[in-house]
Amino acid sequence: MKGSLCHEYETGIPAEEVWQVYGTLRLGQLVQQLLPHLFHKVEVVEGDGGVGTILCVTFPSGKGMRYYKEKFIKVDNENYIKEARGLEGGALDAGFYSYLVRFEIMLKDDNSSTIRSTIEYEADDKCQVDNSLISTDLVAAMADATTKYLKEQKNQVEG
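All residue numbers for the sequence shown refer to the numbering used here, where the first residue is 1 and numbers rise by one.
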């Protein structure tokens, strides 16, 4: 079984400003701060935010998945694309053998951009896997919370 899911979120914020969060380790810090009910802890295991960086995401107890480790395999600062491949935990503990998350910050115009979040996965057709683990709910919540945060920060500076 192979597939992908995609979620797009219109930000109303310039792509460069969104990338300053999504293209860095700030994203992990922000989602832990803004969405503690979804992300208990986001820790850097290794790296500085570039290719090769490994993160460990711990989820609140009672949410099903305990943790998820991922490795950044692509960080393209010119085209605003970041890809992270799952290493262990999460969907990989539930029978999936490949899990990749891609974030693309797409320029709409000078004042707006779209966050496109794509999840690509693969599992053995013979294996009984929990398809509920494949969802865009987390990346959608991240896009919404991050965008609201950036808008509030911008309003505070301008206000």
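The beta carbon of each residue, even a glycine, is placed where N, CA and C say it ideally should be.
Exercise for the section: Would you identify the three-state DSSP class for Y80, choosing helix, strand or coil? Expected result: Taking the first residue of the sequence shown as 1, we reach residue 80 at position 80. Coil.
Problem - Assigned exposure category for G52 - 16 Cβ within 10 Å defines buried - result: Position 52 of the sequence shown holds residue 52. Per the 10 Å Cβ criterion, exposed.
Practice task
Tell me whether the beta-carbon of T136 lies closer than 7 Å to the beta-carbon of L5.
Solution key: In the sequence shown, counting from the first residue as 1, residue 136 sits at position 136. In the sequence shown, counting from the first residue as 1, residue 5 sits at position 5. Yes, Cβ-Cβ distance for T136 and L5 is below 7 Å.
Practice task
Take the Cβ of S117 as the centre, count every other Cβ of all protein chains shown within 10 Å, and call the residue buried at 16 or more, exposed below.
Solution key: Numbered from 1 along the sequence shown, position 117 holds the residue referred to as residue 117. Only buried fits S117, as 16 or more other CB atoms lie within 10 angstroms of its CB.
Practice task
With D137 as the anchor, note down where its alpha helix (DSSP H) starts and where it stops.
Solution key: Residue 137 sits at position 137 when you count from the first residue of the sequence shown. Taken as a continuous stretch (DSSP letters only), the alpha helix (DSSP H) holding D137 covers 137 to 158.
Problem - The alpha helix (DSSP H) enclosing V18, as first and last residue numbers - result: Walking along the sequence shown from the start, residue 18 turns up at place 18. Counting along the chain, the alpha helix (DSSP H) containing V18 begins and ends at 15 to 22.
Practice task
For L38, name the three-state secondary structure that DSSP assigns.
Solution key: The count along the sequence shown starts at 1 and reaches residue 38 at position 38. L38 falls in the coil class under three-state DSSP.
Problem - Distance between beta carbons of Y121 and G90, contact taken as under 8 Å - result: One-based indexing of the sequence shown puts residue 90 at position 90. One-based indexing of the sequence shown puts residue 121 at position 121. Not really, about 10 Å apart at Cβ, beyond 8 Å.
Exercise for the section: Using three-state DSSP, classify V51 as helix, strand or coil. Expected result: To locate residue 51, count along the sequence shown from 1; it is residue 51. Three-state DSSP puts V51 in coil, outside helix and strand.
Handout entry: Environment of R26 [buried if 16+ CB atoms lie within 10 Å]
Key = Translated into the one-based positions of the sequence shown, residue 26 becomes position 26. Burial call: exposed.
Problem - Close Cβ partners of I73 (< 6 Å) along its chain, the five nearest in sequence each way excluded - result: Counting from one through the sequence shown, the residue named residue 73 turns up at place 73. Hits under 6 Å: E83, R85.
Handout entry: CA nearest to the CA of N79, picked from K154, A145, G3, A15
Key = Position 79 of the sequence shown, counted from the first residue, corresponds to residue 79. Nearest C-alpha to N79: A15.
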